[in-house]
């Protein structure tokens, strides 16, 4: 599915919906990989699939356009006993899926922060 973005649609909510779609697609593909193994039609990074259950939300904070490139600023919320989580693989997968939806490389994802929502880090 391709989505065409016009100047008037540079709203956070429009891109939040696209990011949510990408995040759900990644979850579904990870589930299929768990069921089918190497026979799955699309392969997602195993690191991302391991982390996906810890990630509670990917929030689009700001969207703006500079030099014909749409900048999407995001915050990733996760819940794990570890004090930090490397979300680089997740960002790559989300960007890959957004390229399928939005076309070409006319946008950049910018990670503003990754926040661990867990309060107790004991085992």
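In our numbering, the protein residues as written are 388 to 510. Yeah, the Cβ is synthetic: ideal placement off N, Cα and C, and Gly gets one too. No experiment lies behind these values; they were computed from the predicted model shown.
Closest in alpha carbon position to residue 496, among 461, 470, 477, 465, is 461. Contact holds between the segment 427-446 and the segment 405-414, because three or more Cβ pairs, one in each stretch, are under 8 Å apart.
Under DSSP, residue 460 forms a beta bridge with 449, 497. A direct Cα-to-Cα measurement between residue 433 and residue 487 gives close to 21 Å.
Only residues of its own chain outside the window of five on either side were considered, and among them none has a CB closer than 6 Å to the CB of residue 509. Residue 466 sits close to residue 504, with the two beta carbons spaced by under 8 Å. Residue 414 and residue 453 have their C-alpha atoms spaced approximately 31 Å apart. No Cβ-Cβ contact shorter than 8 Å links residue 416 with residue 450. Assignment of residue 401 by DSSP, reduced to helix, strand and coil, places it in the helix class. In the DSSP assignment, residue 439 falls outside any alpha helix (DSSP H), carrying neither H nor E. Check the Cα spacing between residue 435 and each of 401, 422, 481, 470: the tightest is with 481. Of the residues assessed, residue 439 falls on the buried side of the cut-off, its CB having 16 or more other CB atoms within 10 angstroms.
By the neighbour-count definition (other C-beta atoms within 10 Å, threshold 16), residue 459 is a buried residue.
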